[in-house]
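The listed protein sequences derive, respectively, from chains E and Z. With our numbering applied, the first sequence corresponds to residues 1 to 322, in that order. With our numbering applied, the second sequence corresponds to residues 1001 to 1322, in that order. All C-beta atoms, glycine included, are put in the ideal place defined by N, C-alpha and C. Structure first, commentary second.
There are 2 protein chains.
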Amino acid sequence: MTKNVEVLALCKHRPIAVIGAGLVGAGWAVVFARAGLTVKMYDTNIETTHTAMRLIKEQLSSLSDHGLIDEDPGTVAARITPVPTLNEAIAGAIYAQESVLERVEVKRGLIRDLDACAPQDMVVGSSTSGIPASEFSLGLPISPRVLTVHPVNPPYLIPVVELVPSTQTSIESIEFATSLMNALGQTVVHVRKEVEGFVLNRLQAVLLREAWALVQEGVVSCEDVDKTVRDGLGWRWSFMGPFETIDLNAPQGVADYAERLGPLYQRIAQSRQHDSPWDAGLIENVASQLRQHLPLSELEERRAWRDQRLMEIASARRTKQQ
Amino acid sequence: MTKNVEVLALCKHRPIAVIGAGLVGAGWAVVFARAGLTVKMYDTNIETTHTAMRLIKEQLSSLSDHGLIDEDPGTVAARITPVPTLNEAIAGAIYAQESVLERVEVKRGLIRDLDACAPQDMVVGSSTSGIPASEFSLGLPISPRVLTVHPVNPPYLIPVVELVPSTQTSIESIEFATSLMNALGQTVVHVRKEVEGFVLNRLQAVLLREAWALVQEGVVSCEDVDKTVRDGLGWRWSFMGPFETIDLNAPQGVADYAERLGPLYQRIAQSRQHDSPWDAGLIENVASQLRQHLPLSELEERRAWRDQRLMEIASARRTKQQ
Chain E
1 MTKNVEVLAL CKHRPIAVIG AGLVGAGWAV VFARAGLTVK MYDTNIETTH
51 TAMRLIKEQL SSLSDHGLID EDPGTVAARI TPVPTLNEAI AGAIYAQESV
101 LERVEVKRGL IRDLDACAPQ DMVVGSSTSG IPASEFSLGL PISPRVLTVH
151 PVNPPYLIPV VELVPSTQTS IESIEFATSL MNALGQTVVH VRKEVEGFVL
201 NRLQAVLLRE AWALVQEGVV SCEDVDKTVR DGLGWRWSFM GPFETIDLNA
251 PQGVADYAER LGPLYQRIAQ SRQHDSPWDA GLIENVASQL RQHLPLSELE
301 ERRAWRDQRL MEIASARRTK QQ
Chain Z
1001 MTKNVEVLAL CKHRPIAVIG AGLVGAGWAV VFARAGLTVK MYDTNIETTH
1051 TAMRLIKEQL SSLSDHGLID EDPGTVAARI TPVPTLNEAI AGAIYAQESV
1101 LERVEVKRGL IRDLDACAPQ DMVVGSSTSG IPASEFSLGL PISPRVLTVH
1151 PVNPPYLIPV VELVPSTQTS IESIEFATSL MNALGQTVVH VRKEVEGFVL
1201 NRLQAVLLRE AWALVQEGVV SCEDVDKTVR DGLGWRWSFM GPFETIDLNA
1251 PQGVADYAER LGPLYQRIAQ SRQHDSPWDA GLIENVASQL RQHLPLSELE
1301 ERRAWRDQRL MEIASARRTK QQ
C-alpha cells in the first residue's frame, strides 16, 4: 500500500498523458483527474478532445450526484487540458494511457512516435482489448515500458483493469502500472500471457457462446437467459467471483465441489464445441427477440439507465469501504 | 398477472406438500409459507423435519431483520407443519415440491408412491438439478402432472426457478406451476428441453471451465479470476442478463455487436475444447490458492457473510419494486 501512495505522490509532480479521446480515453481522463493528477489529453482530431471535455463534465457531474467524488466537478475537470499535439501531451509525462483506434498499424505508429519523443522513463499503458501489445510494441528502446492496461467501460465506475505484459515488458513497468492503478482505486488483474480476449472477455465469451447456442437449439428464449443471470447467477457474481462462489457450495470447499460437480461440468463441456459461427439466421432470431422488449430507438435511454445502476452499485460499495 | 392471483387464491384453500426436508426443502417451505400458504413438510427421517423447523425459524428471523417479510416470523413459521407420513403431507394438497435425495431410484420410488395416493389434480414440482424428470416420472397416470421446478439456493432469496417439462408433462401443469411460482414472487425461466444442467448450471459451467483452464495454463491466478468477475463482469450481470448487456454495447444493438465481436468469440471458442477432466494436480492447485485466503475452518463464517450480502441485494430490490 505504501508503494501505491508513493507512486501516486510521484505522479502528482508530472502529468499523465491520455492519448486518444474517444469514449475510452475520456473515461480514463476522469479516473486520473479525480485522483488529483494532471492530465494532458490529445487526439489526432482536436474536435474529439472538445467533445470529450463536454462528456467528461457530464460524467463528473453524475459522479458528484452519486457521492462518487468529494470535490467539485469543476475542480476535477480543470485538471484535464486538451492539447493539440502529441508532443505537448507527453512533455514531462510519467505515464501515458493510449486508447487510439483498435488497429495494429495505428497502435504501432503511435508507439514509434512515443519512442522518438517521450520522456525516457514514461510508461505506456494500452487500452487494447483485442490486439496483444506484442503485436505493436516490440523491438524499440521504449518496448520494456509498454504493456496492456485494459479497462472495462467506463473505468471510472467499474474498477477492474487487466494488466498484460508483452514479451518485452519489464517487471519494473508492470510494478509501476500495478501501483498506479491500485492507487487510483482500480482493481488490478494480472494476466500473465497474451491470450486472445485476455481473461474478462474470455469469461464473457464462453457464457455468451453457450447462451447463443441454447437459443439456437430452442432450449430457451433470450429473455429467459437474461432472467437466469439477472435474477440468479449474477447476484453472487456481483460480490464474489466464480471460485469463491463454488468454494462455499460444498461442505469441504472447492476441492470437494470439483469432485462432486466436475464430472457434470465436463459432460456439459463435451456436449458442445462452441466453434460454429453465429449465422445470419441466428443473429436475426436473437435481435428480433430483443427488439420486442427494447426498440432500437430506446437503446440510448436504456444505456443511461444502466449507467445509473452502475453508479448506485459503485456508490453502495464506496459507502461500505469507507 | 390475474391468473397468478387466482392460482394463489386457489392454493390458499389447500395445503402445499414439501417432501424432503433438507436444505432445499426447508428453503421451499419458507417460500410457500411467507406467501400465506399452508405447508405440510415430510421427510423419511422425522428428525430432519425438526432440524428443518429450527433452520426455518432462523431464516425467517433473518428475513424479518432485513425487511424481507412483513409478518411476524412466528406467524409465518406457524403455517408449516412437520408431518410423520407422506400420506399426511399430500392429503388434499394442490401442489407438492419434492427435494428428496438426488438419486434416480429414490425419485422414481417417490413418484410411484405419489401416483398411488396423491389427489388427482395435485401437480408435482421436482427440485432436481441433475436428473431430468423424464428419467423418473414417465408412464404413470400422474406423469402429466410432474415437472422439474429447479430452484437456486436459497429460493427465498434468489428468485430464479427453472421450469422444465418431462416428455409427458401437460401444458396445464406447466401453466399451473408458472402461475404459482410467479405468484410466489419467483422469476420463472422456461427450459423447453431437458438438456444436462438445464440453463443456469450450463451457463455457470462454461464460465467455470474457462476459469479452471486459464488457471491450469498459468494465465491467471484464482484470486484474479474472482476479481475479474466480482469487480468487473458481475456488476452488470446483477441487474442485466448477458443479452441485455451486449445489446447496449454496440451502437446498433445486439446484431451490430454480433457482427463486430462474434468472430473474436468464435476464435476464443475454437481455442479451447474444455472437455478434459479437472485432474488431481489442478484441483490441488486451485484449492491451495483458495485456502491461502480462506482457511477451511472459516468457510461457515464466510457462508453466513454471503447470505447477508444476498439479503442486502434482495432487500434493495424489494425496496425498488415497492
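{"Item": "Would residue 167 of chain E count as contacting chain Z if we go by Cβ distances under 9 Å?", "Value": "no"}
{"Item": "Looking at the structure shown, is residue 1242 of chain Z part of a helix, part of a strand, or coil, going by DSSP?", "Value": "helix"}
{"Item": "Have a look at the DSSP bridge pairing and note the partners of residue 50 of chain E.", "Value": "For residue 50 of chain E, which the question treats as bridged, DSSP gives no partner whatsoever."}
{"Item": "Check distances from the C-beta atoms of the segment 222-236 of chain E to those of chain Z and list, in chain order, the residues that come in under 9 Å.", "Value": "222, 223, 224, 225, 226, 227, 228, 229, 230, 231, 232, 233, 234, 235 and 236"}
{"Item": "Mind listing the chain E neighbours of residue 1238 of chain Z? Cutoff is C-beta to C-beta under 8 Å, in chain order.", "Value": "230, 234, 235, 237, 238 and 313"}
{"Item": "Which same chain residues, not among the five before or five after residue 96 of chain E, have their C-beta less than 8 Å away from its C-beta?", "Value": "16, 17, 18, 19, 89, 90, 114, 118, 122, 123, 124 and 125"}
{"Item": "Would residue 271 of chain E count as contacting chain Z if we go by Cβ distances under 9 Å?", "Value": "yes"}
{"Item": "Identify whether residue 1131 of chain Z lies in helix, strand or coil by the three-state DSSP scheme.", "Value": "coil"}
{"Item": "Are residue 1211 of chain Z and residue 159 of chain E close, meaning C-beta to C-beta below 9 Å?", "Value": "no"}
{"Item": "Starting from residue 95 of chain E, find everything on chain Z with Cβ-Cβ shorter than 8 Å and list it in chain order.", "Value": "Those do not exist, as residue 95 of chain E stays about 21 Å from chain Z at its closest Cβ, beyond 8 Å."}
{"Item": "Cβ of residue 1285 of chain Z within 9 Å of Cβ of residue 1215 of chain Z?", "Value": "yes"}
{"Item": "Which residues in the same chain as residue 294 of chain E place their Cβ atom closer than 7 Å to its Cβ, once the five residues preceding and following it in sequence are excluded?", "Value": "302"}
{"Item": "Does the distance from the C-beta atom of residue 269 of chain E to that of residue 1009 of chain Z stay below 9 Å?", "Value": "no"}
{"Item": "With DSSP as the reference, label residue 150 of chain E as helix, strand or coil.", "Value": "strand"}
{"Item": "Determine the burial state of residue 1201 of chain Z: buried for a count of at least 16 other Cβ atoms within 10 Å of its Cβ, exposed for fewer.", "Value": "buried"}
{"Item": "At which residues does the alpha helix (DSSP H) containing residue 97 of chain E begin and terminate?", "Value": "Where residue 97 of chain E is concerned, there is no enclosing alpha helix (DSSP H), although the beta strand (DSSP E) it sits in stretches over 95-98."}
{"Item": "Between residue 1028 of chain Z and chain E, is there a C-beta pair that is closer than 9 Å?", "Value": "no"}
{"Item": "Should residue 1284 of chain Z be flagged as near chain E, meaning a C-beta pair shorter than 9 Å?", "Value": "yes"}
{"Item": "For residue 1073 of chain Z, collect the residues of the same chain with a Cβ closer than 6 Å to its Cβ; drop the 5 residues on either side in sequence, then sort them by chain order.", "Value": "1060, 1061 and 1064"}
{"Item": "Contact criterion: CB-CB distance below 9 Å. Does residue 1066 of chain Z meet it with respect to chain E?", "Value": "no"}
{"Item": "Just confirm the distance between the C-beta atoms of residue 1027 of chain Z and residue 1315 of chain Z, as a whole number of angstroms; I'd bet it's less than 8 Å.", "Value": "With 8 Å as the limit, residue 1027 of chain Z and residue 1315 of chain Z do not qualify as a contact, their Cβ atoms being about 17 Å apart."}
{"Item": "Using the Cα positions of residue 1146 of chain Z and residue 1177 of chain Z, report the straight-line distance between them to the nearest angstrom.", "Value": "10 Å"}
{"Item": "Decide if residue 1078 of chain Z is buried, meaning its Cβ has at least 16 other Cβ atoms within 10 Å, or exposed.", "Value": "exposed"}
{"Item": "For the beta strand (DSSP E) containing residue 1125 of chain Z, name the first residue and the last one.", "Value": "1123-1126"}
{"Item": "For residue 1150 of chain Z, which option in Z:1136, Z:1190, Z:1120 and Z:1116 has the closest C-alpha, if you only look at C-alpha atoms?", "Value": "Z:1190"}
{"Item": "Return the Cβ separation of residue 1180 of chain Z and residue 1031 of chain Z in integer angstroms, given the expectation that the two are a contact with Cβ distance under 8 Å.", "Value": "Wrong, their Cβ atoms sit about 10 Å apart, outside the cutoff."}
{"Item": "With a threshold of 16 other CB atoms inside 10 Å of the CB of residue 1255 of chain Z, please say whether the residue is buried or exposed.", "Value": "buried"}
{"Item": "Which of the three DSSP states is assigned to residue 1217 of chain Z in this structure?", "Value": "coil"}
{"Item": "Is residue 1288 of chain Z buried or exposed, if buried means 16 or more other CB atoms sit within 10 Å of its CB?", "Value": "exposed"}
{"Item": "In the DSSP assignment, find the unbroken beta strand (DSSP E) run with residue 1187 of chain Z in it and report its ends.", "Value": "1187-1190"}
{"Item": "Quick check: what's the CA-CA separation for residue 1162 of chain Z versus residue 1292 of chain Z?", "Value": "36 Å"}
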